[in-house]
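Asks: First the structure, which I've put down as structure tokens, then a few questions once you've had a look.
2 protein chains.
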Amino acid sequence: MPFGDDVAAVDIGDEVAVLKSDMFVDLTDAPTQMTPRQMGRKAIVVTVSDFASKGVRPIALLTSVGIPRDFSRRNLKELALGMEAGAREYGTYIIGGDTDETSNLVVDCLGFGLAKKGGIVPRSGAKPGDILAVTGLFGKETAGLKILLNKTAVPSYLRRQLVRSVLFPKAQLKLGLALARSGVVTSSIDSSDGLAWSLHELSKMSHVGFVVNTLPSSPAAKRFADITRLDLSKLVLNGGEEFELVFTVRPDGWNNAEASARKVGARLYRIGETTEDEHVFLRTSAKRESEIEPVGWEHFKS
Amino acid sequence: MPFGDDVAAVDIGDEVAVLKSDMFVDLTDAPTQMTPRQMGRKAIVVTVSDFASKGVRPIALLTSVGIPRDFSRRNLKELALGMEAGAREYGTYIIGGDTDETSNLVVDCLGFGLAKKGGIVPRSGAKPGDILAVTGLFGKETAGLKILLNKTAVPSYLRRQLVRSVLFPKAQLKLGLALARSGVVTSSIDSSDGLAWSLHELSKMSHVGFVVNTLPSSPAAKRFADITRLDLSKLVLNGGEEFELVFTVRPDGWNNAEASARKVGARLYRIGETTEDEHVFLRTSAKRESEIEPVGWEHFKS
Chain A
918 MPFGDDVAAV DIGDEVAVLK SDMFVDLTDA PTQMTPRQMG RKAIVVTVSD
968 FASKGVRPIA LLTSVGIPRD FSRRNLKELA LGMEAGAREY GTYIIGGDTD
1018 ETSNLVVDCL GFGLAKKGGI VPRSGAKPGD ILAVTGLFGK ETAGLKILLN
1068 KTAVPSYLRR QLVRSVLFPK AQLKLGLALA RSGVVTSSID SSDGLAWSLH
1118 ELSKMSHVGF VVNTLPSSPA AKRFADITRL DLSKLVLNGG EEFELVFTVR
1168 PDGWNNAEAS ARKVGARLYR IGETTEDEHV FLRTSAKRES EIEPVGWEHF
1218 KS
Chain B
918 MPFGDDVAAV DIGDEVAVLK SDMFVDLTDA PTQMTPRQMG RKAIVVTVSD
968 FASKGVRPIA LLTSVGIPRD FSRRNLKELA LGMEAGAREY GTYIIGGDTD
1018 ETSNLVVDCL GFGLAKKGGI VPRSGAKPGD ILAVTGLFGK ETAGLKILLN
1068 KTAVPSYLRR QLVRSVLFPK AQLKLGLALA RSGVVTSSID SSDGLAWSLH
1118 ELSKMSHVGF VVNTLPSSPA AKRFADITRL DLSKLVLNGG EEFELVFTVR
1168 PDGWNNAEAS ARKVGARLYR IGETTEDEHV FLRTSAKRES EIEPVGWEHF
1218 KS
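Here it is, written out as structure tokens:
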């Protein structure tokens, strides 16, 4: 059914309908430097990332947009172009939605997908002994946000890279779908609230613990930490607005998972192990162990 | 999949997935007298009404809620109770959603349903000769809004009735489903933007015109018009935030449609005919004919 009717509809088969909405608000989700086009795209990425973490392709999106009175037609067009570009980037379509007047810019993006029964990678499936892994390196977004919000001075090559990760985030959809297909992933979540928060969420939902023995630190975040004398582990663990996947793999499934990632031109980072005890530790040597607190990046104000 | 994971999912068969989102904003959709519980309920009703007009049962809802910082926990609880009550009232469930911080209260309600292929009543199916009908009488909501916004003084029995229609709107889900099942309805829309606007929308999408020969005026709206000396036809035609259905029926299907309505304890109001010429007229006698303009109620400010 075409857009322009009361409801939007898509054909489906004999499977499970997957629905997820995520509300993007300029006040909390966009630094002032973010353009309307970047905002539109990010609103899509946030929802697509949730689908990526579950290994489900988002077939169609609906976007409800709340528009401030002083938001220009030009900006609205830019926002729409960003949403369209984001949808296209992940092979999906915006099939409907709604608009209303609001004080903030609000984009609620709803994704719809299909999965086989039992084919959604849960947060709750991690078992003691499973390998803990992530799809990328952390800390760039938090460093980039600090640059945008606090005007921290860093060399321009570094600034460019860090800021880009904030303004142009990417969802790991291809990799998430490949990992789900591999059949060896036991639990998964995206890292939109930060790595530490994601680990605690998997821990809580799976009733397991984790020992992280390798911090997945981005080299750019490390350089930023060196320059600013900030704690690198905090940048890496307590960030947010990152869209990597945090997941567990059956002990015998690591080669399979790595091969699946290679097939889509990506790689995985093994960062630790799943334990029985429901705690999350960082253990960088036999003697150095500290608890990872469930602390994430607080939503920023623009 | 239970609430609390990245995505919400429901079982489906081999049919068409129906999706619709509607964004409720206190600024434009709630007079100041509306309680948080009433707002939560109304946010659901608006989306359910779109499903009613298409003859599709909303199986599940997702609600994304934007919450102002000064919105109290108690109010938030009331809002949630209102949303739950609204969902229960129409036999559906809230299976997920999102929350974020906003300046206005925003509730984006997404509905998901299933239909047989070709089983969604479109806006585009009206044919010349079809009977034009509605599911209720109009004007109460607009009168009620005027009382709330302008503090218009009317007798208390009348005030109660008119204000209630604003604060406690109802979607015609049972009747919409029954009409769709009857198989004689050729086009349908809800009247959330006013009767005149709905008629023009059906006209445009079906490439037909309408002659309205009986204004579906609510007796309470008529009393309000008498007291305030306002134009009753404007109250009836140019309202909004009403959730009746406006639809067309095959010329030989009227008895069937009426019987379907009676089975769910409701009745229909025949108000005119479908014509070839793409115009919408009000013809109250052989000599009195006037064009109905596509004017609806402008969103109000609270």
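Those sequence lines, one after another, are chains A and B.
Our numbering numbers the first residue of the first sequence as 918 and each following residue consecutively.
Our numbering numbers the first residue of the second sequence as 918 and each following residue consecutively.
Note that CB positions come from ideal geometry on N, CA and C, so glycine has one too.
#1: Does any residue of chain B have a CB that is nearer than 8 Å to the CB of A:Phe988?
#2: Residue range of the alpha helix (DSSP H) that B:Glu1118 falls in?
#3: Threshold first: 4 residues or longer. Then list the alpha helix (DSSP H) segments lying entirely within the segment 930-965 of chain B, N to C.
#4: Please list the terminal residues of the continuous beta strand (DSSP E) segment that includes B:Gly1126.
#5: Pull out every residue of the segment 1001-1024 of chain B whose Cβ sits closer than 9 Å to any Cβ of chain A, in chain order.
#6: Report the neighbours of B:Ala1203 on chain A: residues whose CB is nearer than 9 Å to its CB, in chain order.
#7: A:Ile1064 and A:Thr1016 - do their beta-carbons sit closer together than 8 Å?
#8: For the structure I just gave you, are there three or more beta carbon pairs, one from the segment 996-1008 of chain B and one from the segment 956-974 of chain B, closer than 8 Å?
#9: Below 9 Å on C-beta distance, what does B:Phe1164 contact in chain A?
#10: Which stretch, first to last residue, makes up the beta strand (DSSP E) that contains B:Glu1018?
#11: Against chain A, which members of the segment 929-948 of chain B pass a CB distance test of less than 7 Å?
#12: For B:Lys1218, which residues from the same chain have a beta carbon less than 8 Å from its beta carbon, with the 5 sequence-adjacent residues on both sides left out?
#13: Can you name, in chain order, every residue of its own chain whose Cβ lies under 8 Å from the Cβ of B:Arg954, other than the five neighbours on each side?
#14: Distance check for B:Glu1208 and B:His1196, CA to CA, integer angstroms please.
#15: From the beta carbon of A:Leu1094, is the nearest beta carbon of chain B less than 8 Å away?
#16: Counting contacts by CB-CB distance shorter than 8 Å, is B:Leu979 in contact with chain A?
#17: For A:Phe968, count neighbouring C-beta atoms within 10 Å of its own C-beta (all shown protein chains included) and say buried if the count is 16 or more, exposed if not.
#18: In the DSSP assignment, find the alpha helix (DSSP H) that holds B:Ala1176 and state where it starts and stops.
#19: Under a three-way DSSP split, which group does A:Leu1094 fall into?
#20: With a 10 Å radius around its C-beta and 16 neighbouring C-beta atoms as the bar for buried, classify A:Arg1040 as buried or exposed.
#21: With 8 Å set as the bound, which would you pick, yes or no: does the beta-carbon of B:Phe1029 sit closer than that to a beta-carbon of chain A?
#22: So, for A:Gly957: in the same chain, excluding its five sequence neighbours on each side, which residues have a beta-carbon less than 6 Å away from its beta-carbon?
#23: Going by C-alpha to C-alpha distance, which of B:Lys1180, B:Tyr1007 and B:Val1023 sits closest to B:Gly1014?
#24: For a quick check, are the C-beta atoms of A:Thr1145 and A:Thr1165 less than 8 Å apart?
#25: Give the DSSP-derived three-state secondary structure of B:Tyr1074 in the structure shown.
#26: Can you list, in chain order, the residues of its chain with a C-beta nearer than 7 Å to that of B:Val1223? Leave out the 5 residues immediately preceding and following it.
#27: Whose CA, out of B:Asn1173, B:Phe1160, B:Ser1134 and B:Gly1008, lies closest to the CA of B:Leu1154?
#28: For a contact defined as C-beta to C-beta under 7 Å, what are the partners of A:Gly983 on chain B?
#29: So A:Val973 packs on A:Ala1043, CB below 8 Å; how close in whole Å?
#30: Could you please give the first and the last residue of the uninterrupted beta strand (DSSP E) stretch that includes B:Arg1200?
#31: So which of A:Leu1079, A:Phe988 and A:Leu1031 has the shortest CA-CA distance to A:Ala1137?
#32: Excluding the 5 residues flanking B:Gly1170 on each side, which residues of the same chain have their C-beta closer than 6 Å to its C-beta?
Replies: Let me spell this out:
#1: no
#2: Leu1112 to Ser1123
#3: 943-946
#4: Gly1126 to Val1129
#5: Ile1012, Gly1013, Gly1014, Asp1015, Thr1016, Asp1017, Glu1018, Thr1019, Ser1020, Asn1021 and Val1023
#6: Within 9 Å Cβ-Cβ: nothing; B:Ala1203 doesn't reach chain A, min ~35 Å.
#7: no
#8: yes
#9: The contacting residues do not exist; B:Phe1164 stays about 12 Å from chain A at best.
#10: Tyr1010 to Glu1018
#11: Ile929, Gly930, Asp931, Glu932, Val933, Ala934, Val935, Leu936, Lys937, Ser938, Asp939, Met940, Val942, Leu944 and Thr945
#12: Summary for B:Lys1218: the model assigns pLDDT 39, below 50, so the residue's position carries little reliability, and this model does not support an answer.
#13: Glu995, Leu996, Leu998, Gly999 and Ala1002
#14: 8 Å
#15: no
#16: yes
#17: buried
#18: Trp1171 to Lys1180
#19: helix
#20: buried
#21: yes
#22: Leu996, Gly999 and Met1000
#23: B:Val1023
#24: no
#25: helix
#26: Any property of residue 1223 of chain B remains undetermined from this structure, which presents chain B solely from 918 to 1219.
#27: B:Ser1134
#28: Met940, Val942 and Val1023
#29: About 19 Å; that fails the 8 Å criterion.
#30: Val1197 to Arg1200
#31: A:Leu1079
#32: Val1101
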